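Note sheet for the following structure.
Residue numbers (my numbering): 74 to 260.
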């Protein structure tokens with residue numbers, strides 16, 4: 074570690090310690106206000122779109138050319154579902170939701186059923202590694218939402234943050250220090 078790095082770390086620590094208690098409390102409350110506002114916006118979107126997950130990020134190229142990895146998708150209530158709709162569904166055995174197109178609908182005595190396929194995949198999801206062994210349909214209750222809009226590539230930051238933990242730590246530390254130090258330098 075160079076002397077410059079040690080001095081700059083000491084400067085940051087000193088600036089944080091030098092903050093008056095009232096200013097520190099104000100900073101903490103400001104951060105909490107931002108977090109609670111973000112949570113309220115999310116819950117508002119959940120109510121407005123009538124889906125548990127109104128925004129998702131595309132993680133693979135399976136829907137190319139319709140969507141690319143890193144696109145942010147906007148979802149709405151998936152009622153009704155039509156052939157050709159792009160839906161997001163969550164299967165219990167998979168850790169993340171899947172974005173694919175509806176290619177077939179089926180109804181049996183108890184359930185509405187959906188068959189899906191990625192636009193960039195050769196086979197439907199039965200023949201690939203999407204549905205678990207023995208599963209041939211997605212049940213209606215597994216569909217999280219239907220895509221109604223998207224923002225190209227804006228979700229890449231989310232992918233990087235999850236793929237590289239150092240990016241996540243750096244982003245959080247940078248935001249916290251920026252918020253704390255910007256107020257102390259303005260006074």
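Positions of the beta carbon are idealized from the N, C-alpha and C atoms, including for glycine.
Everything numeric in this text was worked out from a predicted model, so none of it was measured.
CB residue i to CB residue j, shorter than 9 Å?
i	j	result
residue 228	residue 157	no
residue 218	residue 148	yes
residue 188	residue 199	yes
residue 104	residue 118	no
residue 246	residue 151	no
residue 180	residue 197	no
residue 23	residue 130	Within the shown structure, residues of the chain are numbered from 74 to 260, placing residue 23 beyond reach of any answer.
Leaving aside the five residues before and after residue i along the sequence, list all residues of the same chain whose C-beta is less than 8 Å from its C-beta, in chain order.
i	result
residue 244	234
residue 164	171, 203, 204, 205, 208, 211 and 215
Is it right to say residue i is buried, meaning 16 or more other beta carbons lie within 10 angstroms of its own, or is it exposed?
i	result
residue 100	buried
residue 253	buried
residue 210	buried
residue 195	exposed
residue 53	The displayed coordinates of the chain run from 74 to 260. Any statement about residue 53 would go beyond what the structure contains.
residue 98	exposed
residue 174	buried
residue 124	buried
For residue i, which residues from the same chain have a beta carbon less than 6 Å from its beta carbon, with the 5 sequence-adjacent residues on both sides left out?
i	result
residue 136	172, 191 and 192
residue 166	205
residue 50	This structure cannot settle anything about residue 50, because the visible part of the chain is limited to 74 through 260.
Please list, in chain order, all residues of the same chain as residue i whose beta carbon is under 7 Å from its beta carbon, the five residues on each side excluded.
i	result
residue 223	140, 144, 145, 146 and 147
residue 169	132
Please look up how many angstroms separate the CB atoms of residue i and residue j, rounded, as I've assumed it's under 8 Å.
i	j	result
residue 154	residue 161	Actually they do not touch by this definition, with Cβ atoms about 12 Å apart.
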